[in-house]
Amino acid sequence: MKWIVTIIRVLFLGLFIFLIATGNMLLWLALFAVSLIAALFFGRVYCGYVCPMHTLMIPAEWLSKKLKLQTNNKPKWLKNGVFAWVFLVVSAAAMLLFQKLLHINLPILPIWLVISVLVTLRYKPEVFHNLVCPFGALQRTFGRFALLTKKVDKESCIGCRLCEKACPSESIAVQKEDKKAVIDRRLCLQCTDCAAVCPKSAITYGRKSNVKKIIKDVPGEPPAIGL
Ligand code: SF4
Ligand code: SF4
Numbered sequence: 011m012k013w014i015v016t017i018i019r020v021l022f023l024g025l026f027i028f029l030i031a032t033g034n035m036l037l038w039l040a041l042f043a044v045s046l047i048a049a050l051f052f053g054r055v056y057c058g059y060v061c062p063m064h065t066l067m068i069p070a071e072w073l074s075k076k077l078k079l080q081t082n083n084k085p086k087w088l089k090n091g092v093f094a095w096v097f098l099v100v101s102a103a104a105m106l107l108f109q110k111l112l113h114i115n116l117p118i119l120p121i122w123l124v125i126s127v128l129v130t131l132r133y134k135p136e137v138f139h140n141l142v143c144p145f146g147a148l149q150r151t152f153g154r155f156a157l158l159t160k161k162v163d164k165e166s167c168i169g170c171r172l173c174e175k176a177c178p179s180e181s182i183a184v185q186k187e188d189k190k191a192v193i194d195r196r197l198c199l200q201c202t203d204c205a206a207v208c209p210k211s212a213i214t215y216g217r218k219s220n221v222k223k224i225i226k227d228v229p230g231e232p233p234a235i236g237l
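Position in the sequence shown counted from 1, then plus 10, gives you this note's numbering.
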């Protein structure tokens, strides 16, 4: 399964490079807009399978660990979660200004691609996914309503926390009260990394469970009730 996911990601990365190289960045932005609608039904599959930033962040994280650059710390100034939205507004405004005043298409996507890799060379991937990425801020907004999502079968879960360690976006957490894992749809990239390491095959994809629980507060987001 993992190699199929890798092939899908590499194919979309190839498509991204092709569209950027041929001056068709707007087509990719259109694909992103469609992915927001898809997130209402299927969760953040764009983030898990399509996003070139996520695809390049995987080797960047590997390199960061190899070179012992990775830190568990998160920059304090990012922690309130507002900056992802600020970055979204600034990016959109910069694109419009460059187009209006200079008649230049600002290569905003390649710029964010470089930023995502640089951030991941120092910080864990959840810092970029949850606190920096302007596209992630939009995906969270739509993904919180996903009809289909990764979910945990409580009967099977033994609370071993292997899934927590594997998750690139801190979206799965074993709850203190019952020692069972719960997935936060807002943050979940639907990437399958957790399912791959679960010794009990407790993580599946399907209609959201009706667990009524607050998993945790995500900075800059409304409360996560009814995940
Ligand atoms: S890896 Fe599986 S069994 Fe372990 S905590 Fe996560 S969901 Fe539960
Ligand atoms: S909860 Fe599982 S599927 Fe969702 S982002 Fe984390 S590892 Fe990926």
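Beta carbons: idealized from backbone N, C-alpha and C, even for Gly. Small disclaimer: the values here were computed from a predicted structure and weren't measured.
Separation of residue j from residue i, as counted between CA atoms
i, j, result
"K161", "M11", "18 Å"
"C208", "T159", "16 Å"
"R154", "A94", "17 Å"
"A48", "G24", "21 Å"
"A111", "A102", "It should be pointed out that residue 111 corresponds to Leu in this sequence rather than to Ala. Approximately 14 Å between the Cα atoms of the pair."
"R132", "A40", "31 Å"
"I17", "Q200", "16 Å"
Any non-hydrogen atom of ligand 1 within 7 Å of residue i CB
i, result
"C170", "yes"
"C61", "no"
"P178", "no"
Contacts around residue i, its chain only, beta-carbon distance under 7 Å, and the 5 residues preceding and following it disregarded
i, result
"F138", "M67, S126, V129, T130"
"T6", "Because the chain in this structure spans residues 11 to 237, residue 6 falls outside the shown range and cannot be described."
"R217", "L157, L158"
Proximal residues to residue i (C-beta, below 8 Å), its chain only, five neighbours per side dropped
i, result
"P120", "I30"
"M35", "L29, N115, P117, I118, L119"
Check: residue i C-beta below 7 Å from any heavy atom of ligand 2
i, result
"T65", "no"
"L157", "no"
"Q200", "yes"
"D163", "no"
"K160", "yes"
"I18", "no"
Own chain partners of residue i with C-beta closer than 6 Å, once the 5 adjacent residues on each side are dropped
i, result
"W87", "none"
"L157", "F51"
"A212", "V162, D163, S166, C167"
"F22", "V60"
Checklist entry - Fully enclosed by the region 38-121, which alpha helix (DSSP H) runs are 4 residues long or longer? => result 62-76, 93-107
Item to check | Contained beta strand (DSSP E) runs [length at least 3] in the region 130-190, N- to C-terminal order | outcome: 158-162, 182-184
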